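The opening residue of the sequence shown carries number -5 in my numbering; numbering runs sequentially from there.
Data first, discussion second: the structure below is written as structure tokens.
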Amino acid sequence: MPAVDIPHHKKGDFLVDYEEKVFEDVKAEPGEKALVTFHTVAFEGSIGLVNLLQATRLLRKGFETSILLYGPGVTLGVQRGFPRLGDDAFPGHQNFNNQLAKFMSEGGKVYCCRFALQALYGHGEASLIEGIRPIGPLDTLDLVLLHRKAGAFILDTWTL
-5 MPAVDIPHHK KGDFLVDYEE KVFEDVKAEP GEKALVTFHT VAFEGSIGLV
45 NLLQATRLLR KGFETSILLY GPGVTLGVQR GFPRLGDDAF PGHQNFNNQL
95 AKFMSEGGKV YCCRFALQAL YGHGEASLIE GIRPIGPLDT LDLVLLHRKA
145 GAFILDTWTL
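Here it is, written out as structure tokens:
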């Protein structure tokens, strides 16, 4: 059996070249829009959190950025906590709430489907994080179509 005699990695070591930037840093032209849709359940995989971070990056690149929470995606927009709302029951428990609040504080807009909120998940509008705009189920498609008409970049987030 071959012996492995290389030193263990130590805290602070680099395993990859994290400073290399291969592509130009793209910024939005004035008036460009972006929409990130979420049809994914909070805490089931990383895609919800990753694309919340992407939405914030789009906003910071100058895109007028909106988020659409629909279907199970509405679970990203509800207030959570234990034992009280806002309390961290475990590390990372408030990731979605904190990212959405940061996104909105920087000028992003968040929309949430009322149908999914009530009919599918049993929540009312008072359950939403402050600043999220509830919309009717017929508005969810029109929001996407309006962004399409405007030539927006659209990033769809799905978990199957």
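Idealized CB from N, CA, C, for every residue including glycine.
Quick caveat: nothing in here was measured; it's all calculated off a predicted structure.
Here GLY67 really is in contact with THR34; their C-beta atoms are around 6 Å apart, less than 8 Å. Annotation: the continuous alpha helix (DSSP H) that includes PHE97 extends over 89 to 99.
Rounded to whole angstroms, the gap between the alpha carbons of CYS106 and GLU13 is 37 Å. Per DSSP, the unbroken alpha helix (DSSP H) holding THR134 starts and ends at 131 to 143.
A direct Cα-Cα distance of roughly 14 Å separates LEU47 from SER99.
Membership of THR153 in any beta strand (DSSP E) is not indicated, and neither H nor E is assigned to it by DSSP. By the neighbour-count criterion, in which a residue is buried when 16 or more other Cβ atoms sit within 10 angstroms of its Cβ, ALA28 is buried. If you compare the alpha carbons of PRO131, ASN92, PRO24, PHE147 with that of GLY56, the shortest gap goes to PRO24.
Bounds of the beta strand (DSSP E) holding LEU29 are 27 to 33. Between GLY39 and PHE32 the beta-carbon gap is near 12 Å, outside 8 Å, which marks them as no contact.
Here the C-alpha atom of ARG127 lies approximately 21 Å from the C-alpha atom of ARG54.
For VAL(-2), there is no enclosing alpha helix (DSSP H), since its DSSP letter is neither H nor E. Under DSSP, LYS103 forms a beta bridge with SER60.
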